[in-house]
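Novice: In our numbering, the protein residues as written are 4 to 131.
Can you keep this structure in mind? I'll have questions shortly.
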């Protein structure tokens, strides 16, 4: 899929969430590019450049049961409590986004084009 002149993979859309494939690239806003690293267990870890895309549209979501155990809608005003009371861990990447980016993006859904930084790469890589 091309988004604002960039080729963006459809792996997650195809494997984790099967969504209405009639969506067009113009339906998405490229919010940010995130450089991320987590050393994991010392043998396996992550070091990646992630493209954060957001879609504000009603779609039918059919999660792939091999990839997604559960989905649910959580309103913004209940999200902090939801995260605090999870019975299972969230990924290091999600913790990072939750701490540093997600609240800002969520509170500014009405002006995504103004806050989007598609040209900037935000680095969350600790200096070694």
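Just so you know, even glycine gets a beta-carbon here, dropped at the ideal spot from N, CA and C.
Note that the structure is predicted; figures quoted are calculated from it, not measured.
Check the DSSP bridge columns for residue 33 and list the partner residues they point to.
Specialist: As a first step, residue 33 must be located in the chain shown, where it is residue number 30. 56, per the DSSP bridge assignment.
Novice: I'd like the list of long-range same chain contacts for residue 30, defined as Cβ closer than 7 Å, with 5 residues on each side in sequence excluded.
Specialist: On the chain shown, position 27 is the one that residue 30 refers to. Answer for residue 30: 58 and 60, listed in chain order.
Novice: Apart from the five residues on each side of it in sequence, which residues of its chain come closer than 8 Å, Cβ to Cβ, to residue 107?
Specialist: On the chain shown, residue 107 is found 104 positions in, with the first residue counted as 1. Once the five neighbours on either side are set aside, the close Cβ partners of residue 107 are 118.
Novice: Quick one: what's residue 124 bridged to in DSSP?
Specialist: Sequence index remark: in the chain shown, residue 124 carries index 121 (1-based). Residue 124 is bridged to 36.
Novice: From residue 55 to residue 102, what distance separates their C-alpha atoms?
Specialist: Walking along the chain shown from the start, residue 55 turns up at place 52. Walking along the chain shown from the start, residue 102 turns up at place 99. Going from the Cα of residue 55 to the Cα of residue 102 covers about 15 Å.
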